[in-house]
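Protein chains in written order, with my numbering: chain A, 1 to 300; chain B, 1001 to 1300.
Idealized CB from N, CA, C, for every residue including glycine.
To keep things clear, I will list the structure first and then write my remarks on it.
Protein chains: 2
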Amino acid sequence: MDERALVRRIKRLSAGQAPGVVLGIGDDAAVFRPADGEDLVFTTDMLVEGVHFERDSHRPSDVGHKALARGLSDVAAMGAVPRFCLVSLALAPWCGERWVDGFYRGLMGLARSTGTALIGGDLSHSDKVTCDVVACGAVPCGEALRRGGARVGDLIFVSGSLGASALGLKCRKGAAWRRHLRPEPRLALGSFLRETLRATAAMDLSDGVSLDLRRLCEESGVAAELDGSLPIYPGATVAQALHGGEDYELVFTVSRGTVVPAEFGGLALNCIGRMVAGKPGSVSWGGQPLAALGYDHFRK
Amino acid sequence: MDERALVRRIKRLSAGQAPGVVLGIGDDAAVFRPADGEDLVFTTDMLVEGVHFERDSHRPSDVGHKALARGLSDVAAMGAVPRFCLVSLALAPWCGERWVDGFYRGLMGLARSTGTALIGGDLSHSDKVTCDVVACGAVPCGEALRRGGARVGDLIFVSGSLGASALGLKCRKGAAWRRHLRPEPRLALGSFLRETLRATAAMDLSDGVSLDLRRLCEESGVAAELDGSLPIYPGATVAQALHGGEDYELVFTVSRGTVVPAEFGGLALNCIGRMVAGKPGSVSWGGQPLAALGYDHFRK
């Protein structure tokens, strides 16, 4: 059972939903339309000690920052503006007040700088620290950027450079390690993609571009041809850039002819290929099939 | 560090919130007003293997049912109508497809019967199964039932009978055990309290009336005098009824003079006391101070 099969299973088991759900399971976030006005997007992300972070190497404020950053990265990928979050936290026996304070300080630092209100949550205990953050953002009705909107002929772009997080996780020092610990959700870029570039699809890179782009292509029913160029973080390997997760950059597609600036707010925007007709979800890189080796919790 | 101190700490650390938040940390659910129209209420609840359920004694469908029931019970306590939920689930190594199917079947059974759409979530892995459910409900603007609305002179009621879940957890058989495994959120009652009785405050009983009523009194700035009568589940002890958690009945207050029916939809509504002036949060039972011995994750 891999994650994809599991998502399909849950999608099937939850079929036949209530009205108001504009977009349900399977995208970066779900969209619910409560009434006239804006659409709210919701996303939820778990962080588990020993899986997503280590007690020894991750400061509590880094854990708090990252717990929210993951959700806000999904909000950014929808082209939405953050509204609020809820945080569920199961504490381990070793957690003291200092750890809890540090966690929420890190989380609230990012929350405040992005206009995200923490409006609730749940507290529990467990053997290992486990945290789940729900983030909600808003977009004008019907304008959320989805994974499924890419069309044959669209150009594929990524923001920033890739592989920093995987490199940081390996070397555990310097700027790459800080990028791993403190990812910055690309919120301003997400709004720019929606409002100005009118991107046809967007997604955040949490599990590696090889796997994430496959997901985007599957949802859009297209194949991707990557030309073999890739903005690689200085010092990172090609494999880290292709398959390393947690870069939290955005991958997006635009219609041919769209003028995409070389950078936005200091963040490079690079064209890495285009959408083509073919087996939905298949991705080639420099003419060869690209294996989706990105991170999957359930792959055996 | 107990749960109350922890909540206060988080409340302090998250002070200074964004607009739109009608009600934040500290109630059964948070309220966000996205635009004109309805208020949405959000609540999130974790379920941890070995803490909230055991692999051997709880069927996966029971775990799924309960995971959502806890959130919907909070939605009911706000007087809201369920809209949607998001489910984050970390699976343990022992979880197979059957367990996952059973979990979602149990959850979706309750979701469908209550009109709750499952619109998203997250999947992860951990040593122990850990699940976090976000439930969202809607109420007319400004009408959510809060914990903080009780006034001196108000009468205190509880629905149903208390102690069934604690009794079930002990004897592990019969109707009491089923009540423990499959709590029914009191959604119809919640709407009735809001629309018809105009309850001044309401809360669901998840940690025991002794502790939960103290929380309600603290929020309302009043004291409670319980007359010593209590609707006790057949076979349960007084201690189980007072301090046993997870009954998921509603405790609510109404202004003096409000006509409360003896039952609603087959569910008994019993007056158990009244709000009085006094130390906020203090509760007496039959003339004696009542210790808040209900469940607290963090009490040493």
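Minimum C-alpha distance to residue i - residue among the options
| i | options | result |
| --- | --- | --- |
| E49/A | N270/A, E225/A, C131/A, S159/A | C131/A |
| G1148/B | G1208/B, D1212/B, S1165/B | D1212/B |
| L1226/B | G1245/B, Y1233/B, I1272/B, L1187/B | I1272/B |
| S1159/B | A1292/B, P1280/B, D1296/B, P1261/B | P1261/B |
| S255/A | V133/A, Y248/A, R151/A | R151/A |
| S88/A | L242/A, K66/A, G102/A, D122/A | D122/A |
| C1085/B | R1274/B, R1112/B, G1294/B | R1112/B |
| K128/A | A90/A, L197/A, A268/A, G235/A | A90/A |
| H1125/B | A1092/B, D1296/B, D1074/B | A1092/B |
| S220/A | E195/A, R182/A, K279/A | K279/A |
| L1040/B | A1135/B, E1184/B, Y1104/B, G1109/B | A1135/B |
| E1143/B | P1289/B, R1182/B, A1199/B | A1199/B |
| S1057/B | V1251/B, A1166/B, L1181/B | L1181/B |
| G1266/B | A1202/B, T1253/B, S1161/B, R1098/B | S1161/B |
| E195/A | P231/A, V276/A, P140/A, G208/A | P140/A |
| R1059/B | G1037/B, Y1104/B, C1171/B | Y1104/B |
| G168/A | R55/A, M203/A, A241/A, G286/A | A241/A |
| L1145/B | V1251/B, G1286/B, V1100/B | V1251/B |
| E1218/B | R1070/B, A1077/B, A1277/B, G1174/B | A1277/B |
| A1077/B | W1094/B, G1287/B, E1249/B | E1249/B |
| S73/A | M275/A, A268/A, A202/A, D296/A | A202/A |
| F1157/B | R1274/B, S1284/B, W1094/B, E1038/B | R1274/B |
| T1043/B | R1172/B, D1204/B, G1208/B | D1204/B |
Any chain B beta carbon closer than 8 Å to residue i
| i | result |
| --- | --- |
| M78/A | no |
| A90/A | yes |
| D132/A | yes |
| L86/A | yes |
| S282/A | no |
Rounded separation between residue i and residue j - CA only
| i | j | result |
| --- | --- | --- |
| F264/A | G1120/B | 30 Å |
| L1189/B | H1052/B | 26 Å |
| L992/B | V1081/B | This structure leaves residue 992/B out entirely; chain B is present only between 1001 and 1300. |
| Y1233/B | R1186/B | 17 Å |
| A1239/B | S1206/B | 15 Å |
| A1045/B | L1193/B | Inspection of the sequence shows that residue 1045/B is occupied by Asp rather than by Ala. The alpha-carbon atoms of D1045/B and L1193/B are separated by roughly 23 Å. |
| E1246/B | L1293/B | 14 Å |
| L1118/B | G106/A | 30 Å |
| R178/A | G235/A | 14 Å |
| K1066/B | N1270/B | 25 Å |
| L1216/B | T1258/B | 20 Å |
| K64/A | A1138/B | The question names Lys, yet the displayed sequence has Gly at residue 64/A. Taking the straight line joining both Cα atoms gives about 29 Å. |
| S1229/B | L110/A | 50 Å |
| R1214/B | L1047/B | 24 Å |
| S1282/B | T1237/B | 23 Å |
| H1243/B | G1163/B | 8 Å |
| G1115/B | P1183/B | 17 Å |
| S1165/B | A1176/B | 6 Å |
| G102/A | A223/A | 44 Å |
| E97/A | L197/A | 46 Å |
| E1054/B | M108/A | 34 Å |
| L68/A | V133/A | 6 Å |
| G1071/B | G1079/B | 13 Å |
| P1231/B | E38/A | 46 Å |
| V1075/B | R1083/B | 10 Å |
| A268/A | G286/A | 21 Å |
| G1153/B | Q1288/B | 19 Å |
| V100/A | C1171/B | 37 Å |
| W94/A | S1061/B | 32 Å |
| S1284/B | T1253/B | 16 Å |
Proximity test, Cβ basis, 8 Å: residue i and chain A
| i | result |
| --- | --- |
| D1045/B | yes |
| A1292/B | no |
| F1042/B | yes |
| G1106/B | no |
beta-carbon residue i near the ligand PLP non-hydrogen atom, thresh 7 Å
| i | result |
| --- | --- |
| S1255/B | What this structure holds is no ligand at all, so the ligand PLP is not there to describe. |
CB-CB length for residue i against residue j, believed under 8 Å
| i | j | result |
| --- | --- | --- |
| L290/A | S191/A | The Cβ separation is near 30 Å, so there is no contact. |
| Y1295/B | G1208/B | 6 Å |
Query raised in the report: Between the segment 1115 to 1130 of chain B and chain A, which residues of the former have CB atoms less than 9 Å from a CB of the latter, in chain order?
Result: Within the segment 1115 to 1130 of chain B, the residues whose Cβ lies closer than 9 Å to any Cβ of chain A are, in chain order, G1115, T1116, A1117, L1118, I1119, G1120, G1121, D1122, L1123, S1124, H1125, S1126, D1127, K1128, T1130.
Report task. Check distances from the C-beta atoms of the segment 47 to 62 of chain A to those of chain B and list, in chain order, the residues that come in under 7 Å. Result -> V48, V51
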